[in-house]
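**Student:** Using this note's numbering, you'd call the opening residue of the sequence shown number 101 and step up by one each time.
Glycine included, each C-beta is placed from N, C-alpha and C at the ideal position.
Got a structure for you, questions after.
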Amino acid sequence: TSAAVLEALFIHNKNEVLSTNNKSVSYLLNYQLKDGSFKSNYSNGETDPYTTVSGARALGTYKFGSVINDARKEYFATKAARKLSKSNVTLSKKSFVYNGKVKKPTVKVTYNGKTLINNKDYKLTLKKSKAIGIYKATIKGLGDYSGTVKVNYTIHPSKVKVKYIKVYRTLFKVKLKKAKGNVKYQIAYKKASSKKWRYKKTKALSQKVKKLDLGSKYQVKVRAYKTVKKKTIYGKWSKEKSVKLKAWKN
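Here it is as structure tokens:
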């Protein structure tokens with residue numbers, strides 16, 4: 101009977117029974133007598149285990165609370181073992197392109213093949229992420245699960261469009277279409293016969309690249325970037341364009 105009572109209480113509310121603030125557990129550990137009954141809260145000193153509600157709730161142990169102690173140790177050991185890590189968390193996307201709207205990945209948390217439930221097994225925190233930057237999805241274990249996991253996702257600048265490239269003898273001028281998000285621009289260029297890119301950064305939508313070789317062919321591409329909290333976040337490169345500088349006329 102005693103074991104059945106404790107089992108029923110455990111099934112009804114395991115967390116409450118195992119709580120260090122639970123009064124029935126305290127009663128069990130401190131007031132059970134050697135004959136299995138409990139000290140009464142009443143002045144007549146009666147020791148029937150059913151004389152108080154606390155006594156009735158505390159039934160279920162045969163040796164001074166060893167059952168409840170073992171159960172408590174097992175519960176917290178299991179919870180500690182079920183510590184969430186990054187391997188338990190999957191984001192639907194880790195990379196977004198800026199367009200002025202809120203970007204949010206879908207978050208899935210699993211443990212040993214079981215899909216966990218938000219606000220029951222874990223608590224998910226996602227900030228409103230609209231601007232270009234690096235953001236965190238924070239997952240904190242609840243109930244039977246412990247640990248806090250933070251996974252990054254990024255909103256990148258949009259792809260830059262090149263309006264045109266005007267060529268001269270030893271330079272060319274790139275004209276860009278403005279990208280949203282208060283970004284700057286990086287121009288990459290190299291000789292067609294070379295593998296080594298050179299780079300130039302600018303705020304302007306029109307930029308000259310000088311000191312080039314007369315009459316040579318060059319490959320050119322451009323991307324947007326923005327520095328947020330000392331971290332530089334780049335967009336994708338534009339399609340490469342080929343240009344040939346003018347040669348001297350004989």
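State the Cα-Cα distance for the pair Tyr235 and Asn188, rounded to the nearest angstrom.
**Tutor:** Near 19 Å, if we compare the C-alpha coordinates of Asn188 and Tyr235.
**Student:** How should Lys326 be labelled, buried or exposed, when 16 other C-beta atoms within 10 angstroms of its C-beta is the threshold for buried?
**Tutor:** Lys326 should be labelled buried.
**Student:** Measuring straight from C-alpha to C-alpha, what distance separates Lys219 and Val283?
**Tutor:** First, the amino acid is wrong: residue 219 is Asn here, not Lys. Answer to the nearest angstrom: the Cα atoms are 38 Å apart.
**Student:** Starting from the C-beta of Lys259, find all residues in its chain whose C-beta is less than 7 Å away, skip the five residues before and the five after it, and write them out in chain order.
**Tutor:** Answer for Lys259: Gly335, Lys336 and Ser338, listed in chain order.
**Student:** If you count every other CB in all the chains shown that lies within 10 Å of the CB of Lys321, and 16 or more means buried, which is it?
**Tutor:** By the 10 Å Cβ count, Lys321 comes out buried.
**Student:** For Gly281, count neighbouring C-beta atoms within 10 Å of its own C-beta (all shown protein chains included) and say buried if the count is 16 or more, exposed if not.
**Tutor:** So Gly281 ends up on the buried side.
**Student:** Report the partner residues of Lys263 according to the DSSP bridge assignment.
**Tutor:** In DSSP, Lys263 forms no bridge with anything.
**Student:** Assuming Val249 and Ser185 make a contact with CB atoms under 8 Å, what is their CB distance in whole Å?
**Tutor:** About 6 Å separates the two Cβ atoms, so the contact holds.
**Student:** From Ser192 to Val328, what distance separates their C-alpha atoms?
**Tutor:** If you take the alpha carbons of Ser192 and Val328, they lie about 24 Å apart.
**Student:** If the criterion is Cβ atoms closer than 8 Å, does the pair Lys278 and Ser306 meet it?
**Tutor:** Cβ atoms of Lys278 and Ser306: not closer than 8 Å.
**Student:** Which residues bound the beta strand (DSSP E) around Lys311?
**Tutor:** Per DSSP, Lys311 belongs to no beta strand (DSSP E) and is neither H nor E.
**Student:** Comparing C-alpha positions only, which one of Tyr222, Tyr253, Asn199 and Val343 sits nearest to Lys273?
**Tutor:** That would be Val343, whose Cα lies nearest to the Cα of Lys273.
**Student:** With a threshold of 8 Å between beta carbons, is Gln286 in contact with chain B?
**Tutor:** The chain inventory of the structure shown lacks chain B, comprising one protein chain alone.
**Student:** Starting from the Cα of Pro205, find the closest Cα among Trp348, Thr238 and Tyr222 and give me that residue.
**Tutor:** Checking every option, the nearest Cα to that of Pro205 belongs to Thr238.
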